[in-house]
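Asker: The structure's right below; bear with me while I get my questions together.
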Amino acid sequence: MLLGLISPTCAAAQLLQRTESVEVLDADSAKVATLTVPRSGIRPSEVAVLINENDPQSVEVASYYQQVRKIPNKNMIHLNFDQEKIHPGLSSNNGIDPAEFAALKAQVDSAAGQEIQALVVSWSRPFRIARFNYYSTNYSITSAFAFGIDIPSLTSNNCSATPLNPYFGSSSTAPYTDFGIRPTMMLAGQNAASVKAIIDKGLKADRSLPGGNGWFVRTADSVRSGPRLQDFQATVQTWNRPEALSMTYFDHAKNGGRSEVKNAADVLFYQTGLANVSGLNTNTYVPGALADHLTSNGGNLFGTEQMTALRWLEAGVTASYGTVTEPCAYADKFPAASVLVKSYFRGNTALEAYTKSVRQPSQGVFVGDPLARPFGTRATLTDGTLTIKTSILEPGINYNLYSAPSAGGPFSPIATVAVPRYQYATITVRGTSAPFYKLQMSGAFPMPSNTFAKPHSQ
1 MLLGLISPTC
11 AAAQLLQRTE
21 SVEVLDADSA
31 KVATLTVPRS
41 GIRPSEVAVL
51 INENDPQSVE
61 VASYYQQVRK
71 IPNKNMIHLN
81 FDQEKIHPGL
91 SSNNGIDPAE
101 FAALKAQVDS
111 AAGQEIQALV
121 VSWSRPFRIA
131 RFNYYSTNYS
141 ITSAFAFGID
151 IPSLTSNNCS
161 ATPLNPYFGS
171 SSTAPYTDFG
181 IRPTMMLAGQ
191 NAASVKAIID
201 KGLKADRSLP
211 GGNGWFVRTA
221 DSVRSGPRLQ
231 DFQATVQTWN
241 RPEALSMTYF
251 DHAKNGGRSE
261 VKNAADVLFY
271 QTGLANVSGL
281 NTNTYVPGAL
291 ADHLTSNGGN
301 LFGTEQMTAL
311 RWLEAGVTAS
321 YGTVTEPCAY
331 ADKFPAASVL
341 VKSYFRGNTA
351 LEAYTKSVRQ
361 PSQGVFVGDP
371 LARPFGTRAT
381 LTDGTLTIKT
391 SILEPGINYN
401 LYSAPSAGGP
411 FSPIATVAVP
421 RYQYATITVR
431 GTSAPFYKLQ
441 MSGAFPMPSN
451 TFAKPHSQ
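Written as C-alpha cells, this is what we have:
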C-alpha cells in the first residue's frame, strides 16, 4: 500500500538517524549484498557481560555467551566477590547488601565505555538487593544495575509505588545514550547447561520473523489475573490479524473452567496470572518466546512456594520476568502486554522489549537471553530479485529503498513502501544486482515499473 508523503514524528526522526546493517543472502545463504535499515535493536557489540570470577557457573556461562554472540573482549567485565564471605547472613537469601552492591556497580560503571547500552549478568545468585535485617528490599539486581537504587524506595512499604521507568514505552534503541540507563538481564538457571540451552534458543530466534501464537489468559485467580485484563484484551484485538500475529484471549470461564494453556504449539507470548502455572511442558515454544505470570514471588528464582520465572525458561521460553518482593498485584509493576508485543515486533531485543514494558520495574528481575531478537528485517537476492521481509516499518511513514554500486553511493531510488499499521511487509524488486541497498524514511519517489511493495500475509 502506497501513501502520500507524511512528516515523520519525533520518534520516527530519531529512528531515521540511527541505522544498522542486514546481510543480504543468496539461495545458498551466502552474503551477496548489504542492506542498511533504520536501527531497531541493541547490538552485541554494545552489551557488557558481568562475570563473577568466584562463581564457576558465571565464568562458564559468560564464556559461552561471548562465543556465540561474538561479544568483544573489552566488553567482558570481570568482578570478584564471594557472596558467602561478603555477608554470610545474606547468602541463603540470595541477596547482596546495598553497600556491597554499590562497590560492584562502581566497578561496572568505570569499566563500561560510553558505547555500552546494556548489561548481562552471567551469575544466578545473588539476584536481589537485601539487608541483613530484611528478607529482601524492593530491588532486584537487574533493576539496581539498570536504574541505580533510589534509597527511600529501598526498604519502603513493598506495596507502595516505586520509581517510574523513564524508558517505558520508548522507541529508543540506545537507552544509555538517551536515558543514562543500561537495561540488564540475568543469564540465570539451575546450572550452566540449562543456561546454555536458553542461549541456544535465543540465538536460533534471531531474525526468524515468526508467526507464533500469543496467549493472554484470564484465570480463576482474580487477584493476579485482573490487573492486566484490559491490556490483554486490547493487545489481542490490535495484533490478532493475518499480516501480524496470531493472538488469543483465553478466558477460563469460557474454557471449561481451565485457567492454563495446555498442548499449544508455537507459543510466542504467554502472559497469565497464577501463583503456579501447570502444563508448561505440554506446550512448544517458538525460539525467542516471552512469558511471565503475575505473582508475588516469580522473581525468587530458587523459591518453592510459588512458581519462579526459571520454570518458564526450563519449559522452553527464552526470557521471563518476576518480582523479588510482594508487589501487591499492581499492573505497573509487571510487563504491559501492549508495550511488550509492540516493542518486540518492531525489532527490539528481548531485553529492550521487556524493560520498556514495565512502568515500575524496581522489584522485578529480568531473566533469559537478552539479545534474543526474532523480529526485524531479513533480505535475500536471488536471480536478480531482491526480497525484503520486515516488521520494523512505522505506520503512516514513507520508506524509500535505494541501491548503489558502492557503500559511498551514488544511491538511486528503486522502491517506495508504507504500511497503515504495524505488520509484516514484503518489498520485492526485480532486475537488480547491486551490492549495497538502503531503506530509510523519506519522501515518496515514483515507483519503477519493475518493483512492488505489499503487506505480507502469513
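Heads up, the sequence shown is in my numbering, so the first residue is 1 and it goes up one at a time.
Note that beta-carbon positions come from the ideal geometry of N, C-alpha and C, so glycine has one too.
1) With 16 other CB atoms within 10 Å as the buried threshold, where does ARG421 fall?
2) Less than 8 Å between the beta carbons of GLN363 and LEU164, yes or no?
3) Assign LYS342 to one of two classes, buried (16 or more other C-beta atoms within 10 Å of its C-beta) or exposed (fewer than that).
4) Flag this pair as yes or no: are the beta carbons of ASP266 and VAL236 separated by less than 8 Å?
5) Buried or exposed: where does SER160 fall if 16 or more other Cβ atoms within 10 Å of its Cβ makes it buried?
6) Using 8 Å for Cβ pairs, my map puts THR323 next to GLY298. What's the rounded Cβ distance?
7) How long is the line joining the alpha carbons of ASP109 and THR385, rounded to whole angstroms?
8) By the three-class DSSP mapping on this structure, what secondary structure does THR142 have?
9) Just verifying my parser: in three-state terms, what is the DSSP assignment at LEU15?
10) So, THR349 versus ARG373, is the Cβ gap smaller than 8 Å?
11) Could you check whether VAL429 and LEU401 sit closer than 8 Å to each other, using their CB atoms as the reference points?
12) For GLY95, I'd like the list of residues in its chain whose CB is within less than 7 Å of its CB, leaving aside the five on either flank, ordered along the chain.
13) Would you please verify whether the beta carbon of GLY409 is less than 8 Å from any beta carbon of chain B?
14) Would MET185 and GLY214 qualify as a contact pair, given that the criterion is a beta-carbon distance under 8 Å?
15) Is DSSP giving GLU20 helix, strand or coil here?
16) For a test of the three-state rule: what should DSSP assign to PRO56, helix, strand or coil?
17) Between LEU119 and ARG182, which are expected to be in contact by the criterion C-beta below 8 Å, what is the C-beta distance as a whole number of angstroms?
18) Mind the definition here: the stretch 141-154 touches the stretch 95-106 only if three or more C-beta pairs lie below 8 Å; say whether that holds.
19) Does the pairing of the stretch 22-40 with the stretch 67-80 give three or more beta-carbon distances under 8 Å?
Answerer: Checking against the coordinates, here is how it stands:
1) By the neighbour-count rule (16 or more Cβ atoms within 10 Å), ARG421 is not buried but exposed.
2) Not in contact: GLN363 and LEU164 (Cβ atoms no closer than 8 Å).
3) With 16 or more neighbouring CB atoms inside 10 Å of its own CB, LYS342 falls in the buried class.
4) Not a contact, by the Cβ cut-off of 8 Å.
5) The residue is exposed, with fewer than 16 neighbouring Cβ atoms inside 10 Å.
6) For a cut-off of 8 Å, the C-beta gap from THR323 to GLY298 is around 6 Å, short enough to register as a contact.
7) Rounded to whole angstroms, ASP109 to THR385 spans 47 Å at the Cα level.
8) Residue state, collapsed to three classes: helix.
9) With a pLDDT of 46 at LEU15, under the threshold of 50, the modelled position of this residue cannot be trusted; read the value that follows with caution. It is helical.
10) Contact: yes.
11) Yes, these two residues count as a Cβ contact at 8 Å.
12) Around GLY95: PRO126, ARG128, ILE129, ALA130 and SER136.
13) In the structure shown, chain B does not exist; there is a single protein chain.
14) Cβ distance not < 8 Å, so MET185 and GLY214 don't count as in contact.
15) Correct three-state label for GLU20: strand.
16) Helix, per DSSP.
17) With 8 Å as the limit, LEU119 and ARG182 qualify as a contact, their Cβ atoms being about 5 Å apart.
18) At 8 Å Cβ cutoff, the stretches touch.
19) Counting Cβ pairs under 8 Å, fewer than three are found: no touch.
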